[in-house]
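Novice:
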Amino acid sequence: ANEDRLLSSLTHDERATLAWLLSKLLVSFESGTAQAGLPLGMRLEPAHLARSRRTAVGLSDTPGLLVAETIEGTPAASAGLARGDLIVAVDGAESRSEAVLAQAIDQVGPGGQLRLSVLRGNDHHQVTVTIPARP
Numbered sequence: 007a008n009e010d011r012l013l014s015s016l017t018h019d020e021r022a023t024l025a026w027l028l029s030k031l032l033v034s035f036e037s038g039t040a041q042a043g044l045p046l047g048m049r050l051e052p053a054h055l056a057r058s059r060r061t062a063v064g065l066s067d068t069p070g071l072l073v074a075e076t077i078e079g080t081p082a083a084s085a086g087l088a089r090g091d092l093i094v095a096v097d098g099a100e101s102r103s104e105a106v107l108a109q110a111i112d113q114v115g116p117g118g119q120l121r122l123s124v125l126r127g128n129d130h131h132q133v134t135v136t137i138p139a140r141p
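Residue numbers for the sequence shown follow our numbering, beginning at 7 and rising by one.
This is the structure we're talking about:
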């Protein structure tokens with residue numbers, strides 16, 4: 007009831023904007039290691055951890071998903087992704103949350119490919135990773 011009362015004065019566009027802002031805020035609460043990279047063979051850290059880790063070692067304060075580990079013999083390792091890489095975009099879409107990567111993996115499906123924009127240090131790279139078949 008309180009939600010309806012609070013939202014009743016907002017237009018449809020204002021509600022959409024509010025939902026978008028809230029989703030951005032919720033991303034900042036992601037903690038620990040992101041699970042979206044597991045099908046590709048990597049563990050990821052969310053944007054807020056990536057930013058603090060990068061700035062702590064003198065790298066640019068750039069949001070993205072930080073590669074914490076790649077597993078040998080997986081699509082991530084085959085594509086050349088390595089610990090410390092920062093995934094800043096997936097097929098051109100900013101990648102500040104694991105939801106973006108998970109959605110892209112689902113859309114492309116097994117056997118498809120994703121183009122990842124990656125920062126290695128402060129150098130930009132493009133990496134193509136193939137989505138594996140589901141077990």
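C-beta: ideal position from N, C-alpha, C; glycine also.
Under 8 angstroms, do L65 and E51 count as touching if we go by C-beta distance?
Specialist: For L65 and E51, no; Cβs fall outside 8 angstroms.
Novice: For the beta strand (DSSP E) containing I93, name the first residue and the last one.
Specialist: Run containing I93: 92-96, per the beta strand (DSSP E) assignment.
Novice: Flag G115 as yes when its Cβ comes closer than 7 angstroms to any non-hydrogen atom of the ligand PLP, and as no otherwise.
Specialist: This structure simply doesn't include the ligand PLP, nor any ligand for that matter.
Novice: Measure the C-alpha to C-alpha separation of H54 and T68 and round it to an integer number of angstroms.
Specialist: Cα to Cα, the separation comes out at about 10 angstroms.
Novice: On the three-state DSSP scale, how would you describe E104?
Specialist: In this structure, E104 counts as helix in the three-state DSSP scheme.
Novice: Hey, out of A25, L125, D129, whose CA is closest to V96's CA?
Specialist: The residue with the shortest Cα to Cα distance from V96 is L125.
Novice: DSSP state of P124, grouped into three classes?
Specialist: The question names Pro, but residue 124 is Val in the sequence shown. DSSP places V124 in strand when its eight states are reduced to three.
Novice: With a Cβ-Cβ cutoff of 8 angstroms, do G70 and I93 count as a contact?
Specialist: Yes, they are a contact pair.
Novice: Please look up how many angstroms separate the CB atoms of A139 and P116, rounded, as I've assumed it's under 8 angstroms.
Specialist: Going by Cβ atoms, the distance from A139 to P116 rounds to 4 angstroms, so yes, they are a contact pair.
Novice: Specify the secondary structure class of A99 as computed by DSSP and reduced to three states.
Specialist: Strand, per DSSP.
Novice: Could you have a look at R21 and say whether DSSP puts it in helix, strand or coil?
Specialist: In this structure, R21 counts as helix in the three-state DSSP scheme.
Novice: Under the assumption that V106 contacts I137 (Cβ atoms under 8 angstroms), give the Cβ distance between them as a whole number of angstroms.
Specialist: Between I137 and V106 the Cβ distance is about 15 angstroms, and since that is not below 8 angstroms, they are no contact.
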